[in-house]
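Residue numbering for the sequence shown follows the numbering used here, beginning at 631 and increasing consecutively.
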Amino acid sequence: MLNFVQETDNQIEKIRQLITDAFGQTKEAALVETIRKSSNFIPELSLVAQENEDVLGHILFSSIVIETSQETFPVLALAPLSVTPLRQRQGIGSKLVEVGLIRCRELNHSIVIIVGEPRYYNRFGFQKASQFGLHSSLPIPDEVFMVLELKPSALMNVNGTVWYPTYFNEV
Ligand SMILES: CC(C)(COP(=O)(O)OP(=O)(O)OC[C@H]1O[C@@H](n2cnc3c(N)ncnc32)[C@H](O)[C@@H]1OP(=O)(O)O)[C@@H](O)C(=O)NCCC(=O)NCCS
Numbered sequence: 631m632l633n634f635v636q637e638t639d640n641q642i643e644k645i646r647q648l649i650t651d652a653f654g655q656t657k658e659a660a661l662v663e664t665i666r667k668s669s670n671f672i673p674e675l676s677l678v679a680q681e682n683e684d685v686l687g688h689i690l691f692s693s694i695v696i697e698t699s700q701e702t703f704p705v706l707a708l709a710p711l712s713v714t715p716l717r718q719r720q721g722i723g724s725k726l727v728e729v730g731l732i733r734c735r736e737l738n739h740s741i742v743i744i745v746g747e748p749r750y751y752n753r754f755g756f757q758k759a760s761q762f763g764l765h766s767s768l769p770i771p772d773e774v775f776m777v778l779e780l781k782p783s784a785l786m787n788v789n790g791t792v793w794y795p796t797y798f799n800e801v
């Protein structure tokens, strides 16, 4: 049976392998390990899709900020999302996003930022971030820089620069 739960320490090696397999390179797995060691890591928001002893998918939300003209506003970055190649297109990625967003709301977060394929993330309610007056500290194409409000009008008066920690530059 598939479960969607918080990662445990003894799954860390399996998660590294899963992410490497999903992306076909090690950068994203290294990013997760860097975030895990940083103060931006939120253990409750590093989730796995597990089936028996197997880790089939992983999603991570970590802390970043939006710098507005008035304040530094805490938000979440969704990155990365991975499903093991042999089990892709079976709904596991979607379920990880859905379960993850529920956990984000339960923990009282209000905004999630993502760099991702609009055709995939639109279905969860993500919209183009530039429409809300947001721009990224990284050179990211407008179409793939997206945002989701977890609370109604969360983005009202929150516009400015989304600051990605420098470790995101490596990906
Ligand atoms: C992207 C990914 C997480 C999706 O997970 P998944 O379990 O395969 O996806 P689901 O089964 O929930 O959803 C399948 C849908 O996603 C679409 N899809 C899958 N990968 C996609 C991609 N890279 N771009 C656009 N759409 C994609 C499929 O077309 C399908 O759409 P449909 O239902 O309209 O046919 C997974 O394919 C993966 O790990 N890919 C490699 C890593 C990656 O690119 N991660 C995302 C960037 S952070």
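For every residue, glycine included, the Cβ atom is placed at its ideal position computed from N, Cα and C.
- DSSP, read as helix, strand or coil, puts Thr-796 in helix.
- If you draw a straight line from the Cα of Ile-696 to the Cα of Pro-673, it is about 21 Å long.
- For Glu-697, the uninterrupted beta strand (DSSP E) run begins and ends at 684-697, by DSSP.
- A buried status is given to Pro-710, since no fewer than 16 other beta-carbon atoms sit within 10 Å of its beta-carbon.
- Non-local beta-carbon contacts of Phe-756 in its own chain, meaning distances under 7 Å to residues more than five positions away in sequence, involve Ile-744, Met-776, Val-777 and Leu-778 in chain order.
- With a cutoff of 6 Å, Val-713 counts as near ligand 1, since its C-beta is closer than that to a heavy atom of the ligand.
- Secondary structure note for Val-729: its alpha helix (DSSP H) is the uninterrupted segment 722-736.
- For Glu-663 against Leu-632, the beta-carbon gap comes to about 25 Å, at or over 8 Å, which does not count as contact.
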